[in-house]
Every structure is written in C-alpha cells, then in structure tokens.
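For the sequence shown, the working numbering gives the first residue as 252, with consecutive numbering after it.
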Amino acid sequence: MRITANFDSGNIDVISLNDKKSIELAIRPDVGGEFFQWFNFRLTGQVGEQCVLNIVNAGEAAYAKGWDDYQAVASFDRQHWFRLPTSYKNGILTIVANMECETIQIAYFAPYSYERHQDLLAAVQTHPLVSLEHLGETLDKRDLNLVKIGDGDVSKRNIWITARQHPGETMAEWLVEGLMHSLLDSDNATGKLLLEKANFYIVPNMNPDGSVRGHLRTNAAGTNLNREWSNPSLEKSPEVFHVIDKMQKTGVDLFYDVHGDETLPFVFLAGSEGTPSYNDRLEHLRNRFSEVLKLASADFQSEVGYKVNAQGKANMTLATNWVAERFDCLANTLEMPFKDNDNLPDLEMGWSPERCIQLGEASLIAMLAVVDDLR
Numbered sequence: 252m253r254i255t256a257n258f259d260s261g262n263i264d265v266i267s268l269n270d271k272k273s274i275e276l277a278i279r280p281d282v283g284g285e286f287f288q289w290f291n292f293r294l295t296g297q298v299g300e301q302c303v304l305n306i307v308n309a310g311e312a313a314y315a316k317g318w319d320d321y322q323a324v325a326s327f328d329r330q331h332w333f334r335l336p337t338s339y340k341n342g343i344l345t346i347v348a349n350m351e352c353e354t355i356q357i358a359y360f361a362p363y364s365y366e367r368h369q370d371l372l373a374a375v376q377t378h379p380l381v382s383l384e385h386l387g388e389t390l391d392k393r394d395l396n397l398v399k400i401g402d403g404d405v406s407k408r409n410i411w412i413t414a415r416q417h418p419g420e421t422m423a424e425w426l427v428e429g430l431m432h433s434l435l436d437s438d439n440a441t442g443k444l445l446l447e448k449a450n451f452y453i454v455p456n457m458n459p460d461g462s463v464r465g466h467l468r469t470n471a472a473g474t475n476l477n478r479e480w481s482n483p484s485l486e487k488s489p490e491v492f493h494v495i496d497k498m499q500k501t502g503v504d505l506f507y508d509v510h511g512d513e514t515l516p517f518v519f520l521a522g523s524e525g526t527p528s529y530n531d532r533l534e535h536l537r538n539r540f541s542e543v544l545k546l547a548s549a550d551f552q553s554e555v556g557y558k559v560n561a562q563g564k565a566n567m568t569l570a571t572n573w574v575a576e577r578f579d580c581l582a583n584t585l586e587m588p589f590k591d592n593d594n595l596p597d598l599e600m601g602w603s604p605e606r607c608i609q610l611g612e613a614s615l616i617a618m619l620a621v622v623d624d625l626r
C-alpha cells in the first residue's frame, strides 16, 4: 500500500500505514500555519480491498464545522468524481474507500490542476475575440494571466470575473471554465448578445502558487488574498496588486468574484450592501441579478447566506467591497458548497464540477439581464 501527494495541488502527510482498516493521515497547513482544510492524495492498494482513512488533525482545520455532513470526493480515472462514505467524530475525519482499481485519488473537492488551467488558456486563445495578457509574476514566479474577451470598444460595459483567490476553492475555476466556453460558443445567443454589449476581463486563477502548493486559502507568502484589496503589495500580495492596477486602467461596471464555502451547503451571493456608498441603484441591480440567476439555475437560492453588514460596516479589505466602492459598480461574491447543495441533493456526486460549469453558463443570463443598466 502506498499514499502520495507529491504532485500538483497534492496535500497529505502519512502518519501510519500499518493497518489498511486504520490508516492515519494529517493535512499539511498552508504557509503561515493559520489555515488548512484542503487535501488531495493518491492511494494505491489491492483491487477488492476496503481502506479506512483517518485524517487525525481534521478537528484543528480552519473550518471544522465544515466536516459536518461532508463527503470526500474520489476518482479512479481523474475525470469522473464521486463521493465516498465519510464521517466526522471526535476531531477525526474518516473516509472509507473500496478499491475498484489499484489506485484512487481522494480530495476535498474535485481538483482543477495547473495543467488544466494552462489547457483552458490555450483553448480559449484560439477564438478571435480572445487575447491573453500577462499581468505580472507571482512570488513563485508563475504567470498571472488575464483573459480578455471582446473587441475593446470603450463604449461597452466592462465585466470583471476573478476566481480562486482561495486556491482550495477549485469549484471557482470549474465555473469559470463553463462560463468562458459558453460565452465563446457561436451558437449561444446569450453569449453573443453579451459580447455586443460588454468586454470581459477574466482571471481564472488568482492564486496559482497556492493552487500548486496544495493550500486552502493563502499564496506562497501565507497571505489571504481576499483580505488585501485595500492595501496590496508586491511583497505579500502581488496577485491583487497587479489585478487592481489593470482594473484602474479599464474601469469596472460589474464584478463577479467566485468562491467556495466550507460550511454552508448552498449556492448564494454575498454583495456589497455594507459599503459606505451603497445606494438604491446598486440594490436594484443586485436584486435583478439575483432574481434572474435564480430562474436560470435551480441550484442558486437567496434565502440562506452570510449576514448582511449595515451600511458603512463592510470589511473593505475584501475584493467585492473594495471594487464596489472604488468603481461604484455592481459587485458580488458567488459562493458554492464543498458539500452537496441542499436545494437539490445528489447522493452520488454532491456538488460537482459539472454543476459548477452549468452555473457558470447560467451566470451569463443574469449578467445579460443587468448589462444595459450597469451605467
């Protein structure tokens, strides 16, 4: 029997492999030690055997309540991801894997690899309306890439989309993949009409260093990027620094920051209601966007979400709040679950890459519903 996490976005430490019915593992913390929850590893054993894996430091994870009703994901072919029987008790997360093949990959959520990220960039750049821009380097010297979609007409609205500020929230890049392919599909009337009205600026992965390192929440310096927007630096948060620099040049009319939530089993929006300059116009736009997204995707709901801040009480270091205030624009954080979606449970798959992709397609419909009123 062998367990390895020595690959892109891998994360696990092996404590004991002596007994296949009681394998002991631990999640490695992000740089800085404040956060951990993401795991991703491969188990090799014998076909037909059952392995019981115990993540013994799960109770110390950043969001321990997120383990309640959580089921780990797994794949034999790294294409089809399904859920494994998982339980949480006394600070230990226990995962049961039946070996239908010699090797199984087990993760917190379906990984979106750095290689797939490169494939996505290469695929979309072949479209005549797409150009790729190098915004700058990360601390590990990786490229921070911007996908520009549109003809650059300055009279059009500018829609910005960012994903994976928190690298372990891989569902965000799955959504962006679906959104971009739908937007560029010549048979998709929604995408075609949107591109007549708007230019898109999309950062599919804001945190490639953390992604490759197997982090949950931080970059190579141990910085939580979604707490850096009011004062980013090249030393701690070059990713945010470079994105803001580009935003200042283009302007922003709609901002969509895509995330995942460890605890809540729902898809929901977190808006900018707590910013100092929030107004009736932005409230109308947000309500319209939410209403249409609910119609476009039964996976989305607006009843359960984060507590709304009173006006002027927002945390201005968060991307959505900072962008909304700086550009007086509609700005939302979209949250998706690591667990299943309690709106429409799927016992085999839970929340899945396929549903993320479809939600990305549905997001375009909500954008089309508000694009004419963004300025």
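We put the beta carbon where it would ideally sit given N, CA and C, even for glycine.
Since we're looking at a predicted model, the values are computed, not measured.
| Query | Result |
| --- | --- |
| If you reduce the DSSP assignment to three classes, tell me which class R253 lands in. | strand |
| Per DSSP, what are the beta-bridge partners of N262 in this structure? | N291 |
| On a CA-only basis, which of N475, W425, R537 and L386 is nearest K500? Give me that one, please. | L386 |
| Using the three-state DSSP reduction, which class does H385 fall into: helix, strand or coil? | strand |
| I need the DSSP call for W480, collapsed to helix, strand or coil. | coil |
| Am I right that M252 and I410 are in contact with their C-beta atoms under 8 Å? What's the rounded C-beta distance? | Not quite, the Cβ-Cβ distance comes to about 49 Å (not below 8 Å), so this is no contact. |
| Buried or exposed for C580, going by 16 or more other Cβ atoms inside 10 Å? | buried |
| With DSSP as the reference, label P392 as helix, strand or coil. | Checking the sequence, you will find Lys at residue 392 rather than Pro. Note: K392 maps to coil in three-state DSSP. |
| What is the rounded straight-line gap between the Cα of R367 and the Cα of N592? | 25 Å |
| Whole angstroms is fine: what's the gap from G525's alpha carbon to I343's? | 37 Å |
| Could you have a look at V621 and say whether DSSP puts it in helix, strand or coil? | helix |
| Keeping to the same chain, check which residues put their C-beta closer than 7 Å to that of N477; ignore five residues upstream and five downstream. | Q416, H417, L569 and A570 |
| Measure the Cβ-Cβ separation of V494 and I453 and say whether it is below 8 Å. | no |
| Opposite P604 in the DSSP bridges: which residues? | According to DSSP, P604 bridges with nothing at all. |
| Cβ atoms of N470 and S523: under 8 Å apart, would you say? | no |
| Measuring alpha carbon to alpha carbon, tell me which of H331, V347 and L546 ends up nearest E612. | L546 |
| If you follow the alpha helix (DSSP H) that I278 is in, where does it begin and where does it stop? | Taken as a continuous stretch (DSSP letters only), I278 belongs to no alpha helix (DSSP H), as it is neither H nor E. |
| Indicate the three-state DSSP secondary structure (helix, strand or coil) for H466 in the structure shown. | coil |
| Could you check if L444 is buried or exposed, using at least 16 other CB atoms within 10 Å of its CB as the buried criterion? | exposed |
| Nearest to S364 by alpha carbon, out of V463, I263 and E542? | V463 |
| Which two residues bound the contiguous alpha helix (DSSP H) that contains K558? | Looking at the DSSP string, K558 is not in any alpha helix (DSSP H), and its letter there is neither H nor E. |
| Given D394, which residues of its chain have a CB within under 6 Å of its CB, disregarding the five upstream and five downstream residues? | H385 |
| Please confirm whether A423 and G511 have their CB atoms less than 8 Å apart. | yes |
| Only counting the same chain, and skipping five residues up and downstream in sequence, which positions put a Cβ closer than 8 Å to that of V307? | I266, E275, L276, A277, G342 and I343 |
| How many whole angstroms separate the CB atoms of T389 and D460, which I take to be in contact at a CB cut-off of 8 Å? | 5 Å |
| Please classify Q609: does DSSP put it in a helix, a strand, or coil? | helix |
| What's the call for C352, buried or exposed, on a 16-neighbour Cβ count within 10 Å? | exposed |
| Since F286 and Y359 are thought to touch, with beta carbons under 8 Å apart, how far apart are those beta carbons, to the nearest angstrom? | Going by Cβ atoms, the distance from F286 to Y359 rounds to 13 Å, so no, they are not a contact pair. |
| Rounded to a whole number of angstroms, what is the C-alpha to C-alpha distance between T310 and D320? | Note on residue identity: the sequence assigns Gly, not Thr, to residue 310. Near 14 Å, if we compare the C-alpha coordinates of D320 and G310. |
| Less than 7 Å between the CB of A549 and some heavy atom of the ligand GDP, yes or no? | Annotation note on the ligand GDP: not contained in the displayed structure, which lists no ligands. |
| For the alpha helix (DSSP H) that E576 lies in, which residues bound it at each end? | A570 to F578 |
| Excluding the 5 residues preceding and the 5 following S260 in the sequence, name in chain order all residues of the same chain whose CB lies nearer than 7 Å to its CB. | N291, P362, S364, S462, V463 and G465 |
| Any chance you could list the alpha helix (DSSP H) runs of at least 4 consecutive residues sitting entirely within the region 496 to 556, in chain order? | 531 to 547 |
| Name the DSSP beta bridge partners of R334, please? | V324 |
| Report the rounded CA-to-CA distance for R408 versus D504, giving the unit in angstroms. | 6 Å |
| Around the C-beta of G299, are 16 or more other C-beta atoms found within 10 angstroms, so that it is buried, or is it exposed? | exposed |
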